[in-house]
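Asker: Chains as they are written, first to last, in our numbering: chain A, 52 to 152; chain B, 15 to 398. First the structure, which I've put down as structure tokens, then a few questions once you've had a look.
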């Protein structure tokens, strides 16, 4: 069977879609060789990410087993994870500027 | 394993046999291009720099032009300057000549305008092409190769497929005694700790983290959000959320071997094995850094697809995005099937084979479609 999505590291809390997926789809995944299934809340385009677990606002998003940013709001399992609910924590001169004011 | 290349007087081996026409300053670019248009077998290295530079940028432009001329794919060089530009044409010519290559200098204001310079330059270049054409390809061990890696027009598939495939090819070459270089300091942000761990010494590791912090600091000092530039709009549409995510995918193009050395833009490595050149994430000037470092084959990973090549070095386009491979097939050279992701070693070996055939003369699509005239030179500018 063709894989619909991939989890790159067992520490990750997001998966990456390898096809265009619809809201309501149940996606079968493998995490650490164990099967996991996630029901999608939003449509997920090829190459985009969705959450494997409920993620609290302010906690870190992990892909490749490494930090790729911070949740800016609570994210439910199966939700689209992207720039609307995740912020980069690096090169944020705007944050430094706002803090200085 | 072996490939068929051109032996240069300094012992390096070219995969191409160009007479390079290099304008030292943008004002000479049109004249340099006309010389090249007249003489088959030449290639112009066009750029928009060479005047009104800060002292550190001037030094960088001088050394970059010198080391472009020393690239093993270049048989001989014609330098074309304006005359009032600050570029050290004598120093550049001397630096290139040290490698044993023929170099000639032309200064437009001295020769007397474009037509006279084109006439003189074309005659010199014609003789250089005639001499260079007598050098034949011979068989060399693949350890004479130096791969450069670039990624541009990235999307999620770059980090999943095309970058790891290039990394696997890098690993093969480095283990076989060849050299490899990657760059794009911007795209180490968030992944620098992983690179630093692979450095040959803690001091080299610190150089890696320091150069990334130096870059990030520019954004912090100016109160701007890096997300305005990186990831780019196209990266975000392709599914990349943050610079950290982009970087974690980008560094896999460097493979897994020990990082021996870090050097500045326009410089060449002094050691064998895998190295990093501190350079921009912008593809065109980054390709120039790889060429100046001495790469004789460049592997270019792309998700969204790009036609860009390099004037002096064959560029192999690698994509793991099936839609891009189909839609932009005229520009894509090698496809990485994500369904085979678990067999990245095998894919790397196939890509390595492709590198050997390109090194031996197989034309890349960027070469065939003439997408290799313009890469430009990087300058930092007065604000750094």
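Here a beta-carbon is modelled for each residue, glycine too, at the ideal position from N, C-alpha and C.
Would you report the Cα separation of residue 176(B) and residue 362(B), rounded to the nearest angstrom?
Answerer: Approximately 10 Å between the Cα atoms of the pair.
Asker: Roughly how many whole angstroms lie between the Cα atoms of residue 91(A) and residue 42(B)?
Answerer: Near 58 Å, if we compare the C-alpha coordinates of residue 42(B) and residue 91(A).
Asker: Run through the DSSP bridge pairs and tell me what residue 37(B) is partnered with.
Answerer: Residue 37(B) is bridged to 94(B).
Asker: Residues of chain B with a CB under 8 Å from the CB of residue 133(A): which are they?
Answerer: What residue 133(A) touches in chain B: 250, 253, 255.
Asker: Just confirm the distance between the C-beta atoms of residue 306(B) and residue 198(B), as a whole number of angstroms; I'd bet it's less than 8 Å.
Answerer: Their Cβ separation, rounded to whole angstroms, is 15 Å, which puts residue 306(B) and residue 198(B) out of contact at 8 Å.
Asker: Based on the DSSP secondary-structure assignment, which residues constitute the bridge partners of residue 331(B)?
Answerer: Partner(s): 314(B).
Asker: Would a C-beta distance cut-off of 8 Å place residue 87(B) and residue 327(B) closer than the cut-off?
Answerer: Closer than 8 Å, so yes.
Asker: Could you check whether residue 131(A) and residue 93(A) sit closer than 8 Å to each other, using their CB atoms as the reference points?
Answerer: In contact: residue 93(A) and residue 131(A) (Cβ atoms closer than 8 Å).
Asker: Quick check on DSSP: helix, strand or coil for residue 398(B)?
Answerer: Bear in mind that a pLDDT of 46 at residue 398(B), under 50, signals an unreliable position, so the model cannot answer this.
Asker: Along the region 178-205 of chain B, what residues have a CB closer than 8 Å to any CB found in chain A?
Answerer: If the cut-off is 8 Å between Cβ atoms, the region 178-205 of chain B has 203, 204, 205 near chain A.
Asker: What do you get for residue 104(A), buried or exposed, if any count of 16 or more other CB atoms within 10 angstroms of its CB means buried?
Answerer: With fewer than 16 Cβ atoms within 10 Å of its Cβ, residue 104(A) is classed as exposed.
Asker: Take residue 50(B) as the anchor and find which of 90(B), 63(B), 18(B), 379(B) has the nearest alpha-carbon.
Answerer: Of the candidates 90(B), 63(B), 18(B), 379(B), the one whose C-alpha sits nearest the C-alpha of residue 50(B) is 90(B).
Asker: Which word fits residue 5(B), buried or exposed, when buried means at least 16 other C-beta atoms lie within 10 angstroms of its C-beta?
Answerer: The shown model of chain B, from 15 to 398, leaves out residue 5(B), and the question about it has no answer.
Asker: If I follow the unbroken beta strand (DSSP E) through residue 13(B), where does it start and stop?
Answerer: As shown, chain B starts at 15 and ends at 398. That puts residue 13(B) outside it, with no answer to give.
Asker: Starting from the beta carbon of residue 109(A), find every residue of chain B whose beta carbon is closer than 7 Å, and list them in chain order.
Answerer: Per Cβ cutoff of 7 Å: no residues; residue 109(A) is ~15 Å from chain B at best.
Asker: Note down the Cα distance separating residue 71(A) from residue 95(A), rounded to an integer number of angstroms.
Answerer: Their Cα atoms are separated by approximately 6 Å.
Asker: Suppose you measure from the CA of residue 118(A) to the CA of residue 259(B); what does that come to, to the nearest Å?
Answerer: Rounded to whole angstroms, residue 118(A) to residue 259(B) spans 8 Å at the Cα level.
Asker: What is the DSSP secondary structure of residue 271(B), reduced to helix, strand or coil?
Answerer: Three-state DSSP puts residue 271(B) in coil, outside helix and strand.
Asker: In angstroms, rounded to a whole number, what distance separates the CA positions of residue 38(B) and residue 110(B)?
Answerer: Their Cα atoms are separated by approximately 13 Å.
Asker: Specify, as a first and last residue, the run of the beta strand (DSSP E) that residue 65(B) falls within.
Answerer: Here residue 65(B) belongs to no beta strand (DSSP E), and DSSP marks it neither H nor E.
Asker: Closer than 8 Å, CB to CB, is residue 130(A) near chain B or not?
Answerer: No, its Cβ sits nowhere closer than 8 Å to a Cβ of chain B.
Asker: Exposed or buried, which one is residue 398(B) when buried takes at least 16 other CB atoms within 10 Å?
Answerer: At residue 398(B), the pLDDT of 46 sits below 50, so the modelled position is not reliable; the number obtained from the coordinates is stated separately. Looking at its Cβ environment, which holds fewer than 16 other Cβ atoms inside 10 Å, residue 398(B) is exposed.
Asker: Would the region 292-307 of chain B and the region 143-150 of chain B be scored as touching if the rule is three or more Cβ pairs under 8 Å?
Answerer: These segments do not touch.
Asker: I want to see whether chain A comes within less than 8 Å of residue 346(B), judged by CB atoms only; does it?
Answerer: So, not an interface residue.
Asker: In three-state DSSP terms, what is residue 84(B)?
Answerer: The answer is coil: DSSP assigns residue 84(B) none of H, G, I, E or B.
Asker: By the three-class DSSP mapping on this structure, what secondary structure does residue 73(A) have?
Answerer: Correct three-state label for residue 73(A): coil.
Asker: For residue 90(A), which of helix, strand or coil comes out of DSSP?
Answerer: Residue 90(A): strand per DSSP, three-state reduction.
Asker: Here's the rule: buried if 16 or more other CB atoms are within 10 angstroms of the residue's CB, otherwise exposed. What is residue 98(B)?
Answerer: The residue is exposed, with fewer than 16 neighbouring Cβ atoms inside 10 Å.
Asker: Residue 386(B) to residue 339(B), Cα distance in whole Å?
Answerer: In a straight line, the C-alpha of residue 386(B) is about 20 Å away from that of residue 339(B).
Asker: By the three-class DSSP mapping on this structure, what secondary structure does residue 342(B) have?
Answerer: DSSP places residue 342(B) in coil when its eight states are reduced to three.
Asker: Can you name the residues of chain B whose CB is closer than 8 Å to the CB of residue 119(A)?
Answerer: Near residue 119(A) (Cβ distances below 8 Å), the residues of chain B are 204, 255, 256, 258, 259, 262.
Asker: Look at the alpha carbon of residue 30(B) and the alpha carbon of residue 18(B), and state the distance between them as a whole number of angstroms.
Answerer: Looking at the two C-alpha atoms, the distance is approximately 10 Å.
Asker: Are the Cβ atoms of residue 337(B) and residue 174(B) separated by less than 8 Å?
Answerer: For residue 337(B) and residue 174(B), no; Cβs fall outside 8 Å.
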